[in-house]
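J.: FYI, in numbering that gives the first Met the number 0 the residues of the sequence shown are 0 to 375.
Cβ coordinates follow ideal geometry from the N, Cα and C atoms, glycine included.
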Amino acid sequence: MEFEIIAKCHTTHARVSRMTMTHGTTYLPTFMPVATQGAMKGLTSQQVEALGVTLILNNTYHLNLRPGTKVLDAAGGAHKFQGWRKNLLTDSGGFQMVSLSSFTKITEEGVLFASPYTGEPTMLTPEESIGIQHSIGADIIMQLDDVVHSLTTGPRVEEAMWRSIRWLDRCIAKHKSSGRTDRQNLFAIVQGGLSPDLRQKCLDEMVKRKDDLPGYAIGGLSGGEEKDIFWKIVKQCAEQLPEDRPRYCMGIGFAEDLLVCVALGVDMADCVFPTRTARFGVALTRDGPMNLRLDRHRTSFFPIDANCPCLTCSSGMSRAALHNLVTHETVAAHAITQHNLVFQASVMGGARDAIIEGRFPQYLKDFFQRYFADAA
Ligand code: GUN
Ligand code: ZN
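(1) Quick one, are the C-beta atoms of Thr68 and Tyr26 less than 9 Å apart?
(2) Whose C-beta lies closer than 6 Å to the C-beta of Asn339 among residues of the same chain, with five residues either side of it excluded?
(3) Can you name, in chain order, every residue of its own chain whose Cβ lies under 6 Å from the Cβ of Leu240, other than the five neighbours on each side?
(4) Taking the beta strand (DSSP E) that Thr326 falls in, what are its first and last residues?
(5) Could you tell me whether any non-hydrogen atom of the ligand GUN is closer than 8 Å to the CB of Asp144?
(6) Taking 6 Å as the limit between beta carbons, can you name the residues of its chain near Val261, skipping five residues before and five after?
(7) Is it the case that the CB of Cys312 approaches a heavy atom of the ligand ZN more closely than 8 Å?
(8) Run through the DSSP bridge pairs and tell me what Arg17 is partnered with.
(9) My assumption, with CB atoms under 8 Å, is that Asn57 sits in contact with Ile135. Please give the rounded CB distance.
(10) Jot down the residue ranges of each uninterrupted alpha helix (DSSP H) in the stretch 240 to 278, minimum 4 residues, whole runs only, in chain order.
(11) Quick one: does the C-beta of Ala216 sit closer than 8 Å to a heavy atom of the ligand GUN?
(12) Given this structure, state the Cα-to-Cα distance separating Thr35 from Phe367, to the nearest angstrom.
(13) Can you name the start and end residues of the beta strand (DSSP E) that Asn306 belongs to?
(14) For Val146, which of helix, strand or coil comes out of DSSP?
(15) Apart from the five residues on each side of it in sequence, which residues of its chain come closer than 8 Å, Cβ to Cβ, to Gln45?
(16) How would you label Gln361, buried or exposed, when you count the other beta carbons within 10 angstroms and need 16 or more for buried?
(17) Are there any heavy atoms of the ligand ZN lying less than 8 Å away from the beta-carbon of Gln337, as far as the coordinates show?
(18) So, under 8 Å CB-CB, Pro302 and Gly315 are touching, yes? Tell me the CB distance rounded to an integer number of Å.
(19) Just reading off the beta strand (DSSP E) that Asp90 is part of, what are its end residues?
(20) Locate the alpha helix (DSSP H) running through Lys104, then write down its first and last residues.
(21) From the DSSP output, in three-state form, read off Gly287 for me.
(22) By Cβ distance, which residues of its chain are closer than 6 Å to Met289, with the 5 residues on each side in sequence left out?
(23) What do you get for His376, buried or exposed, if any count of 16 or more other CB atoms within 10 angstroms of its CB means buried?
(24) Would you call the stretch 97 to 113 in contact with the stretch 173 to 187, where contact means no fewer than 3 C-beta pairs closer than 8 Å?
(25) Start and end of the alpha helix (DSSP H) containing Gly93?
(26) According to DSSP, is Val206 part of a helix, a strand, or is it coil?
(27) Where does Met347 sit, in a helix, a strand or coil, going by DSSP?
(28) Specify, as a first and last residue, the run of the alpha helix (DSSP H) that Met160 falls within.
(29) Leaving out five residues before and five after Gly191 in sequence, what residues of the same chain have Cβ atoms less than 6 Å from its Cβ?
(30) Helix, strand or coil, according to DSSP, for Ala38 in the structure here?
(31) By a C-beta neighbour count over all protein chains shown, 10 Å radius and 16 as the cutoff for buried, is Leu257 buried or exposed?
(32) How about Ile140: is its Cβ closer than 8 Å to a heavy atom in the ligand ZN?
(33) If contacts are defined as beta-carbon pairs under 8 Å, then Ile355 and Val15 qualify, I think. What distance do you get, rounded to the angstrom?
(34) Nearest by alpha-carbon distance to Asp365: which of Arg169, Glu158, Asp294, Glu255 is it?
(35) To the nearest angstrom, how far is it from the Cα of Pro195 to the Cα of Trp166?
(36) Count the other C-beta atoms from every protein chain shown that fall within 10 angstroms of the C-beta of Asp373, then say buried if there are 16 or more, exposed otherwise.
This is the structure:
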């Protein structure tokens with residue numbers, strides 16, 4: 000990939016950069032919508048592209064179960080399979096196994112889990128994860144990591160951190176031998192839980208492997224830890240990751256978290272939150288989340304946000320109409336999902352403009368003042 004920093008904020012660690020890969024250019028910082036199964040829930044690939052989104056996320060674990068690598072290979076990769084022409088990132092699968100599977104056992108060889116369809120024990124090794132990600136053909140692929148929940152304490156956190164480093168080396172070796180390093184970019188994932196000491200050891204080791212790593216992620220967060228601990232770990236990681244590599248904070252999607260992470264030097268983030276909350280009838284706005292199921296929207300004949308450029312708002316579709324549909328018609332979920340993805344893009348696009356124009360601190364201040372003001 001080509002990665003070029005365009006502008007930096009003088010008072011925070013925020014920066015704007017241009018990341019160019021086989022499927023085009025993505026301007027950072029950016030929020031990546033999640034299309035877990037090779038489809039955005041509620042929107043077609045064409046609709047997502049029309050929103051101006053240039054980078055989405057798919058999941059190795061899910062695509063391996065269905066449709067599987069045979070179909071993906073025959074299709075010529077996940078881009079063609081799902082009709083997505085822009086950049087694609089795949090998560091490695093370890094995290095999903097831990098969060099979804101009925102039983103998982105981590106061994107040095109890989110993650111052992113029960114197939115959700117057959118119940119049969121199945122092993123995912125670092126080499127297999129990379130192999131599946133080669134069949135998918137994502138522009139950015141993630142190492143298989145040993146993930147523990149962020150609130151885990153004791154020796155298991157350190158064990159997982161060192162194992163993630165060993166698995167990184169196996170992922171690097173597998174990826175280099177594939178001859179695909181010109182098209183697919185492998186990112187490492189920093190682990191170490193909430194311990195600055197363990198994070199430091201992980202950072203030192205992973206930064207040493209910089210020549211084989213076009214980018215880095217910060218993992219193992221967003222599991223309900225205290226905000227100030229979360230911020231300290233993100234700060235420590237972002238400060239020490241190489242300046243000339245994109246930094247991706249995994250599983251972050253609340254607007255307030257995104258902006259703090261950007262201020263700390265993070266370039267990319269992903270989360271199912273904006274699309275999932277849309278399906279529950281919650282629209283994201285500059286004044287905070289708006290729950291359209293609430294009765295007070297029954298006769299509210301305004302769009303979600305009159306200043307929002309999304310099709311839902313600019314067409315004039317009313318909050319009342321959405322309220323009326325949201326519990327029983329999927330069209331409300333489509334309309335709100337569309338709005339929420341435009342909202343996420345505008346929070347990040349607004350941050351990029353503000354960084355370029357030297358007014359990012361004011362942008363943060365204005366955003367937080369309005370977002371957390373008491374509802375009128
Ligand atoms: N998604 C959210 N957090 C993580 C993490 O630590 N590792 C991986 N692979 N995916 C994640
Ligand atoms: Zn809108």
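T.: In brief:
(1) no
(2) Pro273, Ala277, Leu283
(3) Tyr215, Arg246
(4) Segment: none, Thr326 is in no beta strand (DSSP E) and carries neither H nor E.
(5) yes
(6) Ala13, Pro28, Ala350
(7) yes
(8) Glu3, Tyr26
(9) 7 Å
(10) 254 to 262, 272 to 278
(11) yes
(12) 30 Å
(13) Segment: none, Asn306 is in no beta strand (DSSP E) and carries neither H nor E.
(14) coil
(15) Gly82
(16) exposed
(17) yes
(18) 6 Å
(19) 86 to 90
(20) Where Lys104 is concerned, there is no enclosing alpha helix (DSSP H), although the beta strand (DSSP E) it sits in stretches over 103 to 105.
(21) coil
(22) Ala282
(23) Residue 376 lies beyond the stretch modelled for the chain, which goes from 0 to 375, so this question has no answer here.
(24) no
(25) 93 to 99
(26) helix
(27) helix
(28) 154 to 175
(29) Met160, Leu197, Arg198, Cys201
(30) coil
(31) buried
(32) no
(33) 6 Å
(34) Glu255
(35) 21 Å
(36) exposed
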